[in-house]
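Residue numbers (this note's numbering): -3 to 311. Here a beta-carbon is modelled for each residue, glycine too, at the ideal position from N, C-alpha and C.
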Amino acid sequence: MSQDKSAVSAYLAFGLTIQSEMPLPELTAIIVAEETNIDVTIQFGDLSSVCFDWGLAEQNFQSRDDQFLFQIPEVGTFHVVQGRTVTVMPHNGCNLSRVRLYLLGTCMGVLLLQRNILPLHGSAVAMNGYAFAFVGESGAGKSTLSAAFVNRGYRLISDDVIAVSTNQSVPMVSPAYPQQKLNAFSLDLLTMSSDGLSVIKDEWKYAVPRKKDFSQAQARIPLAGVFELIASDHQPEVQLNSVSTLEGIQLLQAHTYRLPLVKRIQNMQWHFDKVTEIASQVDLCRLHRPKNSITIEQLVNTVLQAIERGVRVTK
């Protein structure tokens, strides 16, 4: 049967239907009935005049009203407007894989903020019909822990940017795209091979496809818990501690994706209201681990035991 002439090729990520002039192999490809169903358009364009008008040469990140303009030296310039349009001007000689790294990272974080969706920085997996997020500082083990859960048969929701909507009765997470970023140590730890994997040069990690292990891209999932991973030289063993709602607010503030950009795109009261709403409705706790010990199985089992006790972590 022939395809409807009004149908258009697109991608699905973060709960949004995306039409892009740039191929995005990391995302889930879909066919939509007609162009009016497109949420976001990504296009190539000459941003030279916009850069001059905004004085981008003096500052690499700038915001005006519902627009955000930034450039990454030797990569490209990006213009995000109203949470609907992203114009990309790659710099000469830059491989498009590097451009996509910032398009699917910083650009998506900005775009979500413009759409009043809170982006958290971390990884998330689906368990027992709920979403559980792992946040923490760089090197804490967020992606490694989520990969360990995926290897046990749980579904990946997101790695790096977690899109949380709060306009429902409970916070909801929209699946991102079926890929994880893992370094060589994590691959070895999880007995996974790097054969055939692409290297993400800017982060010195491998791009790990997860299409078979990805949560259904069109289904938003209720957020039930957030675990903050903390690695410490002075931590003798794995330990799980609950946090108060006030501590949870601070935790979510600290682990908002590209936090310095929030005040440029939204106001800080908006941010406070969002994280307060989430902290009052989901469980938040800290998952401590020894920094220089291999504890991945203990971490997975500790999280699973907490969920089996009834999902809720007593505050």
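In terms of residue numbering, what span does the beta strand (DSSP E) encompassing residue i cover?
i: Gly118; result: Leu114 to Met123
i: Asp155; result: Arg151 to Ser161
i: Thr24; result: Thr24 to Val28
i: Asp198; result: Counting along the chain, Asp198 falls outside any beta strand (DSSP E), and DSSP gives it neither H nor E.
i: Val36; result: Val36 to Phe40
i: Lys326; result: This structure cannot settle anything about residue 326, because the visible part of the chain is limited to -3 through 311.
i: Ser170; result: Met168 to Ser170
i: Pro19; result: Premise fails: Pro19 is in no beta strand (DSSP E) and is neither H nor E.
Using only the alpha-carbon positions, how far apart do residue i and residue j sit?
i: Gly105; j: Leu152; result: 19 Å
i: Thr24; j: His230; result: 42 Å
i: Ile274; j: Gln262; result: 17 Å
i: Ala53; j: Cys47; result: 7 Å
i: Asn147; j: Gln78; result: 38 Å
i: Trp312; j: Gln58; result: An answer regarding residue 312 cannot be provided, because it is not within the stretch -3 to 311 covered by the chain.
i: Val309; j: Phe66; result: Its pLDDT being 42, under 50, Val309 is placed unreliably in this model, and the coordinates cannot settle the point.
i: Ala122; j: Phe128; result: 6 Å
i: Val4; j: Pro286; result: 50 Å
i: Thr13; j: Gln63; result: 20 Å
i: Tyr7; j: Glu22; result: 10 Å
i: Pro69; j: Arg111; result: 27 Å
i: Ile303; j: Gly244; result: 18 Å
i: Val95; j: Ile196; result: 11 Å
i: Ile113; j: Leu300; result: 28 Å
i: Glu233; j: Tyr150; result: 25 Å
i: Arg80; j: Tyr126; result: 28 Å
i: Arg305; j: Ala220; result: 13 Å
Under the rule that 16 or more other beta-carbon atoms within 10 Å means buried, what is residue i, buried or exposed?
i: Leu43; result: buried
i: Lys270; result: buried
i: Phe268; result: exposed
i: Gly72; result: buried
i: Phe210; result: buried
i: Lys311; result: Because Lys311 carries a pLDDT of 35, less than 50, the predicted location of this residue cannot be relied on, and the following value inherits that uncertainty. Under this definition Lys311 is an exposed residue.
i: Ser289; result: exposed
i: Thr241; result: exposed
i: Thr291; result: buried
i: Thr162; result: buried
i: Asp156; result: buried
i: Phe130; result: buried
i: Ile217; result: buried
i: Gln175; result: buried
i: Asp279; result: buried
i: Pro167; result: buried
Any heavy atom of the ligand ADP closer than 7 Å to the Cβ of residue i?
i: Thr32; result: The ligand ADP is not among the ligands present in this structure, which contains no ligands whatsoever.
In terms of residues, what are the limits of the alpha helix (DSSP H) holding residue i?
i: Val4; result: Careful: Val4 lies outside any alpha helix (DSSP H), inside the beta strand (DSSP E) at Val4 to Ala9.
i: Asp49; result: Ser44 to Trp50
i: Thr298; result: Ile292 to Glu304
i: Phe130; result: Looking at the DSSP string, Phe130 is not in any alpha helix (DSSP H); the run it does join, the beta strand (DSSP E), is Tyr126 to Gly132.
i: Thr140; result: Lys138 to Asn147
Subject >> In chain order, each alpha helix (DSSP H) run of at least 4 residues that lies wholly inside the region 57 to 123 >> reply: 92 to 98 and 104 to 110
Subject >> Complete runs of the alpha helix (DSSP H) confined to the region 221 to 275 [at least 4 residues] >> reply: 241 to 250, 255 to 261 and 264 to 275
**OP:** Please confirm if the region 88 to 108 is in contact with the region 126 to 139, defined as three or more CB-CB distances below 8 Å between the two stretches.
**Re:** no
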